[in-house]
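What follows is one structure encoded as structure tokens, with my remarks underneath.
Residue numbers (UniProt numbering): 1 to 376.
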């Protein structure tokens, strides 16, 4: 996102109609002579009319039909009404305010000031081990948008980077790439933002359905495109290249469906700033290493690690932790500790030797339970 997006539904149910009988005094009467029963046709008409009146009354009570006309002229209802669109706008505004408040509270500082890990030495050690396992990851001098994969923020266009990262949410690289290529094919190329908006959400949803969560992602993407155009007169957010990292982060978080992870990826890969993005692999492995409190959420983990990991390690360490989380038999989701992973062995209970020679205490580290829902 991430903008939260909900579906409204009408719960079906039966309506009990209570028919009130008029007050009457009950008299004890002498049996009267037998009278012939009512004509069947009249009885049926009477029953039908009674049933119709009950139905109208019931529907009037639920507001499905307008009240029957009366002799008195209708009075204008001057009370304020809250329309669904007003409610939706209000809710989106509340979510935006909450996100920005949370970011401002922990910008450039950890929400866990008394939690001592990771230290710079621990970051260096982990980085060195991961390089030995998977090779170095060096930031390119120039960002180039791939035509064969979606990536995660890998584009010089901020808007394109944001859309690519949204497509990557809660899915695999393979699926997000399928969604991106399908979208480009449907609209005749990449960055066809005007065609996407003109085509509407249903068309975009169909185009990216192979990537998963297409209903949510299509709504978020079109919302961002519309807000960008309404605010700047063009489909572009490239002014963020000149903005400070904090201002860029705030503006991206102001969009519904965009959270710290998505915004951090755009900062790291597109804007080439030092930001430590936390996806499901990073969140899981840093829990195994004891780099965050066990109860820390992904957003809290982002704020904590972004404040503690040295800037020079953020790019390489992020990519290598993601790579390791996909490849390592012990560190991937649902993996078991077999005692073979070099990274986990280095951070077991006890002491390790930091890069600069100091001893780094490692606290007891508990296994992180497999996530019920992975947020990419």
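Even glycine gets a Cβ: it sits at the ideal position worked out from N, Cα and C.
- For residue 279, the number of other beta carbons within 10 angstroms of its own is at least 16, and it is reported as buried.
- Check the Cα spacing between residue 190 and each of 113, 257, 172 and 145: the tightest is with 145.
- Pairing residue 152 with residue 178 gives a Cβ-Cβ distance that is not under 7 Å.
- Residue 170 sits in coil when the DSSP states are folded into three classes, being neither helix nor strand.
- Assigned with DSSP and collapsed to three states, residue 120 falls in helix.
- The alpha-carbon of residue 265 is positioned some 26 Å away from that of residue 330.
- In terms of Cβ geometry, residue 227 and residue 218 do not form a close pair [threshold 7 Å].
- Of the candidates 216, 241, 247 and 251, the residue whose Cα lies closest to the Cα of residue 231 is 251.
- In this structure, the beta-carbon distance from residue 253 to residue 100 falls below 7 Å.
- Residue 208 is a Cβ neighbour of residue 214, given a cutoff of 7 Å.
- At least 7 Å separates the beta-carbon of residue 324 from that of residue 167.
- Residue range 260–265 is occupied by the alpha helix (DSSP H) that includes residue 265.
- Residue 277 places its beta carbon less than 7 Å from that of residue 318.
- Rounded to the nearest whole angstrom, the CA to CA distance from residue 124 to residue 109 is 20 Å.
- Between the alpha carbons of residue 187 and residue 243 lies a gap of roughly 31 Å.
- Between residue 176 and residue 270, the C-beta spacing is not below 7 Å.
- Contact between residue 157 and residue 238 holds, with the beta-carbon distance rounding to 7 Å and staying under 8 Å.
- Around the beta-carbon of residue 135, fewer than 16 other beta-carbon atoms lie within 10 Å, marking it exposed.
- Counting only residues of its own chain and dropping the five nearest sequence neighbours on each side, residue 120 has a CB closer than 6 Å to the CB of 310.
- Membership of residue 229 in the alpha helix (DSSP H) is indicated by the continuous run 214–232.
- Of the residues assessed, residue 122 falls on the buried side of the cut-off, its CB having 16 or more other CB atoms within 10 angstroms.
- Annotation for residue 285: the continuous alpha helix (DSSP H) segment containing it runs 280–288.
- If you compare the alpha carbons of 313, 258, 93 and 340 with that of residue 128, the shortest gap goes to 313.
- For residue 309, there is no enclosing alpha helix (DSSP H), since its DSSP letter is neither H nor E.
- Taking 7 Å as the cut-off, the beta carbon of residue 220 is found closer than this to the beta carbon of residue 257.
- Take the alpha-carbon of residue 185 and the one of residue 192: they are about 10 Å apart.
- Rounded to whole angstroms, residue 293 and residue 299 show a C-alpha spacing of 12 Å.
- In its chain, beyond the 5 residues on either side, 235 have a beta carbon closer than 8 Å to the beta carbon of residue 194.
- Contact between residue 326 and residue 281 holds, with the beta-carbon distance rounding to 7 Å and staying under 8 Å.
- Sequence-distant partners of residue 322 (beyond 5 residues in either direction) whose C-beta falls short of 8 Å from its own C-beta, in its chain, are 279, 281 and 282.
- Collapsing the DSSP output to three states places residue 132 in a helix.
- Taken through DSSP and simplified to helix, strand or coil, residue 346 comes out as helix.
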